[in-house]
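Step one of this worksheet: look at the structure below.
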Amino acid sequence: MPGANLTRVEAQERFDAIQMPIHYDVALDLGKGGRDFTSRAKIEFDAKAGSASFLDLIANSVESVVLNGTDLDVSKVFADSRIELANLLEHNTVEVVANCQYSNTGEGLHRSVDPSDGNVYLYTQFEVPDARRVYAVFDQPDLKAVFDFTVD
């Protein structure tokens, strides 16, 4: 089911496979206006060699997924708001470029234009599990991480 929340079993399996700390380098291009924006996430993490896991992402489309220098076939690895990561190494880097959509429902990233002055305002609370609406992420509170954000 698209956008389904993580189950307890999935959370435990992912916690057992992924080693902390995780490092995210997230770049958001919010300058084009409209209903969507470009999200780029570079995620560095350690894992049990040979294990498999997945990233969470709710996006209109995924342009690319690169795992440890190898381009993955998006049509095979992205489904139901998840990006499958197989055959993980001890040290991993995954890069995801996606087209995400602004929200006005209390989830994800909100964008509004003030009609009185034309200024653009952005807002989010990133409550679990809403970060996945803005960038690819292990959207699980017990997987601690360091974040660097660039916003254009």
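Taking my numbering, the leading residue of the sequence shown gets 4, the next gets one more, and so forth. A virtual CB, placed ideally from N, CA and C, is assigned to each residue, including glycine. Predicted model only: the values in this text are computed from it and were never measured.
Compare the Cα-Cα distances from residue i to each of the options and report the closest residue.
i	options	result
residue 103	96, 97, 111	111
residue 23	152, 151, 153, 145	145
residue 153	45, 20, 15, 36	45
residue 56	101, 70, 43	70
residue 134	124, 117, 113, 74	113
residue 147	25, 11, 17, 16	25
residue 109	80, 62, 131, 75	131
residue 62	81, 73, 74	81
Leaving out five residues before and five after residue i in sequence, what residues of the same chain have Cβ atoms less than 7 Å from its Cβ?
i	result
residue 150	27, 29
residue 32	40, 41, 155
residue 126	113
residue 107	113
For residue i versus residue j, is the C-beta spacing smaller than 8 Å?
i	j	result
residue 88	residue 52	no
residue 100	residue 58	no
residue 48	residue 90	no
residue 60	residue 78	no
residue 86	residue 139	yes
residue 14	residue 128	no
residue 20	residue 67	no
residue 38	residue 124	no
Taking Cβ positions only, does residue i come closer than 8 Å to chain B?
i	result
residue 66	Judged by its chain identifiers, the structure shown contains no chain B, having just a single protein chain.
What residues in its chain sit with their C-beta under 6 Å from that of residue i, if we drop five residues either side in the sequence?
i	result
residue 64	102
Identify the residues that DSSP records as bridge partners of residue i: which are they?
i	result
residue 47	26, 96
residue 82	85
residue 75	68
residue 20	None, per the DSSP bridge assignment.
residue 114	125
Once the 5 residues before and after residue i are set aside, which same chain residues still bring their CB inside 8 Å of it?
i	result
residue 122	116
residue 18	143, 145, 146
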